[in-house]
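Encoded as structure tokens, the structure appears first; notes follow it.
There are 2 protein chains.
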Amino acid sequence: MAPTSETLTAERILEATEEVLRRHGPAKATVVDVARALGVSHGSVYRHFRTKAALREAVTKRWLDRTCEELSGIVIADRDPETRLRDWTAALFAAKRRKAGEDPELFATYMVLVGENGEAVGEHIADMTAQLTRIVEAGVESGTFAATTDPGTTARALFHATGRFHDPCYAREWEEPGVEGDFAAVLDLLVKGLRP
Amino acid sequence: MAPTSETLTAERILEATEEVLRRHGPAKATVVDVARALGVSHGSVYRHFRTKAALREAVTKRWLDRTCEELSGIVIADRDPETRLRDWTAALFAAKRRKAGEDPELFATYMVLVGENGEAVGEHIADMTAQLTRIVEAGVESGTFAATTDPGTTARALFHATGRFHDPCYAREWEEPGVEGDFAAVLDLLVKGLRP
DNA sequence: CATCTGACAGATTTCAATATCTGTCAGCTG
DNA sequence: CAGCTGACAGATATTGAAATCTGTCAGATG
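Chains as they are written, first to last, in UniProt numbering: chain G, 1 to 196; chain X, 1 to 196.
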């Protein structure tokens, strides 16, 4: 908002864009708005991001990466793989549910952005399953999990099977009574399926 | 289309409505169109369905029920429960994928209808999990499946965990390469989790 | 000379006037 | 008299003209 005299950086533009998206929503947030918020002309924004779509994609990636980093600690935690798997999955569910519940409008905004860039989402899913793969590998090495298929395939299966508890398209069902139980039932079934 | 002289029945109205939806899509299908297709005034349609929403809900239920009936044969098939579970899940996936692939526009139309009536969807999911519950019960009785939780809970868990392969919101990913493998991986994991 | 500005063309969105639709009901028809 | 019609009021959708936005670029600025 305040026309700061600092140099215009991609980082500052991204922050301003997030703010504009928060204020105006995904449909009405324009790059002219972003420029106005920064006190520059919109031409300057186009110096850092070739198109409006590229700007929105960058914002989306940042948001997705933040979620990813929140979970990375669990992957390398000093606990047995089964616990890490349970913790990671529960943390993913909890994080998504918190974000959707705390500020539904902002969450809806990011759901629109996510829908716009399938590519960024694909990368994010790859990052997430990579984290899961490391946990599965640890489990296979320690003998906690059976080694029937390769860890990457198993990780993808785990991610898909728990989709109902982290995929934004189910967000409206996360506050219904009984979700906790549904989540526990799915996770128990999967964990049992992993054991040798 | 042809103004038949047969008596106007709810059934005939539903058929005409499906046809109008197929032709015009969910956004532009009006009850005036339906009446025109039947060669009657729109007032007559309102004699059988109180509102446009009620008419659309009835069409939605009919469509959902047809899917349900397609699968009911597998539930009572003369095979071991594990095979029935695999067949049922695979048949559900195949049916959904075929419908989405054969006529994407019509499928999109029904996705809109389904989004309009959460209630009808809830009933449909209850019907589907009831079918799964019967398979799980058979498995528990014959000792093929462990009896760690009640069959209803397990059935819900199975339905949720396979959502990626029957929930319409994933329809666009059903034609990507590797889905077959993803499906097999999830199903294998779940089946292993069910065994005693 | 690197960065920024502002005017511009074409694309997209907004807005208000206009047309169509929904749902009702008094009366027509067979 | 049971079922249907068509006119009607209010709600919703369509349309086209005006406003705004996107993306570019020649020239200003420091």
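For glycine and all other residues, C-beta sits at the position ideal for the given N, C-alpha and C.
Keep in mind that this is a model prediction, so the values were computed, not measured.
Worksheet item: Between V112(X) and P26(X), which are expected to be in contact by the criterion C-beta below 8 Å, what is the C-beta distance as a whole number of angstroms?
Response: The sequence position of residue 112(X) within the second sequence is 112, counting from 1. The sequence position of residue 26(X) within the second sequence is 26, counting from 1. The pair is a contact, with the Cβ atoms about 4 Å apart (cut-off 8 Å).
Discussion item. For chain X, check one thing: does any of its Cβ atoms lie closer than 7 Å to the Cβ of V186(G)?
Written reply: In the first sequence, the residue the question calls residue 186(G) occupies position 186. Yes, V186(G) lies at the interface with chain X (some Cβ there is under 7 Å from its Cβ).
Worksheet item: By DSSP, does L8(G) sit in helix, in strand, or in coil?
Response: Counting from one through the first sequence, the residue named residue 8(G) turns up at place 8. Correct three-state label for L8(G): coil.
Discussion item. Against chain X, with Cβ distances strictly below 7 Å, would K52(G) count as a contact?
Written reply: Translated into the one-based positions of the first sequence, residue 52(G) becomes position 52. Closer than 7 Å: no.
Item to complete: Whole angstroms is fine: what's the gap from F145(X)'s alpha carbon to A53(G)'s?
Response: Start at 1 with the first residue of the second sequence, and residue 145(X) comes out as number 145. Start at 1 with the first residue of the first sequence, and residue 53(G) comes out as number 53. One C-alpha to the other measures close to 51 Å.
Fill in: Run of the alpha helix (DSSP H) containing D33(X), from where it starts to where it stops
On the second sequence, residue 33(X) is found 33 positions in, with the first residue counted as 1. Residues V31 to L38.
Discussion item. Which residues of the region 163-188 of chain G have a Cβ closer than 7 Å to any Cβ of chain X? Give them in chain order.
Written reply: G163, R164, C169, D182, A185 and V186
Item to complete: Can you have a look at A138(G) and say buried or exposed, based on whether 16 or more other CB atoms are within 10 angstroms of its CB?
Response: Position 138 of the first sequence, counting from 1, holds the residue named residue 138(G). Buried, since its Cβ has 16 or more Cβ neighbours within 10 Å.
Worksheet item: Using DSSP with H/G/I as helix, E/B as strand and the rest coil, what is S44(X)?
Response: What you label residue 44(X) is simply residue 44 of the second sequence in a count that begins at 1. Three-state DSSP puts S44(X) in a helix.
Practice prompt. Name, please, each residue of chain X whose Cβ falls closer than 8 Å to the Cβ of T133(G).
Written response: Taking the first residue of the first sequence as position 1, residue 133(G) is located at position 133. Here the premise fails: no neighbours, minimum Cβ distance about 13 Å.
Worksheet entry | Pick from S41(G), W174(G), A155(G) and A120(G) that is closest to L8(G), judged by C-alpha positions | In the first sequence, the residue the question calls residue 8(G) occupies position 8. If we check each option's Cα against that of L8(G), S41(G) comes out closest.
Practice prompt. Determine which residues of the region 76-98 of chain X have a Cβ less than 7 Å from any Cβ of chain G, and write them out in chain order.
Written response: none
Worksheet entry | Straight-line gap, M1(G) to A37(G) (C-alpha atoms, nearest Å) | Within the first sequence, numbered from 1, the residue matching residue 1(G) stands at position 1. Within the first sequence, numbered from 1, the residue matching residue 37(G) stands at position 37. Bear in mind that a pLDDT of 37 at M1(G), under 50, signals an unreliable position, so the model cannot answer this.
Worksheet item: In three-state terms, what does DSSP make of residue 238(G)?
Response: This structure does not reach residue 238(G), given that chain G is present from 1 up to 196, and the question cannot be answered.
Fill in: Reduced DSSP secondary structure (H/G/I, E/B, other) of H166(X)
For the purposes of this step, residue 166(X) is taken as residue 166 along the second sequence, with counting starting at 1. Coil, per DSSP.
Discussion item. Could you check whether the region 93-111 of chain G touches the region 10-26 of chain G, counting it as contact only if at least three pairs of C-beta atoms, one from each stretch, sit closer than 8 Å?
Written reply: yes
Worksheet item: Under 8 Å Cβ-Cβ, which residues of chain G neighbour L190(X)?
Response: As a first step, residue 190(X) is located in the second sequence; it is residue number 190 there, counting from the start. What L190(X) touches in chain G: A161, L189, L190 and G193.
Worksheet item: Residues in its own chain within less than 8 Å of C68(X) by CB, not counting five upstream and five downstream?
Response: If you number the second sequence from 1, residue 68(X) lands on position 68. Answer for C68(X): H124, D127, M128 and Q131, listed in chain order.
Practice prompt. Please report how far the alpha carbon of L55(X) lies from the alpha carbon of F49(X), in whole angstroms.
Written response: Here residue 55(X) is taken as the residue at index 55 of the second sequence, counted from 1. Here residue 49(X) is taken as the residue at index 49 of the second sequence, counted from 1. Roughly 6 Å separates the two Cα atoms.
Practice prompt. Please report the Cβ distance between V179(G) and A157(X), rounded to the nearest whole angstrom; I am assuming they are in contact, meaning their Cβ atoms lie under 8 Å.
Written response: Within the first sequence, residue 179(G) is the residue found at index 179, counting from 1. Within the second sequence, residue 157(X) is the residue found at index 157, counting from 1. The pair is not a contact, with the Cβ atoms about 12 Å apart (cut-off 8 Å).
Worksheet item: How would you write the range of the alpha helix (DSSP H) that residue 205(X) sits in, first residue to last?
Response: Residue 205(X) lies beyond the stretch modelled for chain X, which goes from 1 to 196, so this question has no answer here.
Item to complete: Check whether the Cβ atoms of N117(X) and E57(X) sit closer than 7 Å, and answer yes or no.
Response: Looking up residue 117(X) in the second sequence gives position 117. Looking up residue 57(X) in the second sequence gives position 57. Cβ atoms of N117(X) and E57(X): closer than 7 Å.
Discussion item. Check whether chain G comes within 7 Å of T153(X), counting only Cβ atoms and requiring the distance to be less than that.
Written reply: Position 153 of the second sequence, counted from the first residue, corresponds to residue 153(X). Yes, because at least one Cβ of chain G sits closer than 7 Å to the Cβ of T153(X).
Worksheet item: Under a three-way DSSP split, which group does F49(G) fall into?
Response: Translated into positions along the first sequence, residue 49(G) becomes position 49. In the structure shown, F49(G) sits in coil (DSSP, three-state: anything other than H, G, I, E or B).
Discussion item. In whole angstroms, give me the CA-to-CA distance for L21(G) and K96(G).
Written reply: Taking the first sequence and counting its residues from 1, the one referred to as residue 21(G) is at position 21. Taking the first sequence and counting its residues from 1, the one referred to as residue 96(G) is at position 96. In a straight line, the C-alpha of L21(G) is about 19 Å away from that of K96(G).
Worksheet item: Sorted by chain position, which residues of the same chain lie with C-beta nearer than 7 Å to F183(X)'s C-beta, five sequence neighbours on each side aside?
Response: As a working note, residue 183(X) is residue 183 in the second sequence. Contacts found: F93 and F165.
Worksheet item: Should A130(G) be flagged as near chain X, meaning a C-beta pair shorter than 7 Å?
Response: The residue given as residue 130(G) occupies position 130 in the first sequence. So, not an interface residue.
Discussion item. Does chain G have any CB closer than 7 Å to the CB of A157(X)?
Written reply: Here residue 157(X) is taken as the residue at index 157 of the second sequence, counted from 1. Cβ-Cβ to chain G under 7 Å: yes for A157(X).
Worksheet entry | D103(X), DSSP secondary structure in three states | Reading the second sequence from its first residue, position 103 is the one you call residue 103(X). In the structure shown, D103(X) sits in coil (DSSP, three-state: anything other than H, G, I, E or B).
Worksheet item: According to the neighbour-count rule (16 or more other Cβ atoms, all chains shown, within 10 Å of its Cβ), is T133(X) buried or exposed?
Response: As a first step, residue 133(X) must be located in the second sequence, where it is residue number 133. Buried: at least 16 other Cβ atoms inside 10 Å.
Worksheet item: Whose C-alpha, out of L64(X), L194(X) and S142(X), is nearest the C-alpha of E119(X)?
Response: One-based indexing of the second sequence puts residue 119(X) at position 119. Out of L64(X), L194(X) and S142(X), L64(X) has the C-alpha closest to the C-alpha of E119(X).
Worksheet entry | Proximal residues to V32(X) (C-beta, below 6 Å), its chain only, five neighbours per side dropped | For the purposes of this step, residue 32(X) is taken as residue 32 along the second sequence, with counting starting at 1. Here the set comprises H42.
Discussion item. Among the candidates G163(G), E11(G) and V191(G), whose CA atom is the shortest distance from the CA of K61(G)?
Written reply: Mapped onto the first sequence, residue 61(G) falls at position 61. Cα-wise, what sits closest to K61(G) is E11(G).
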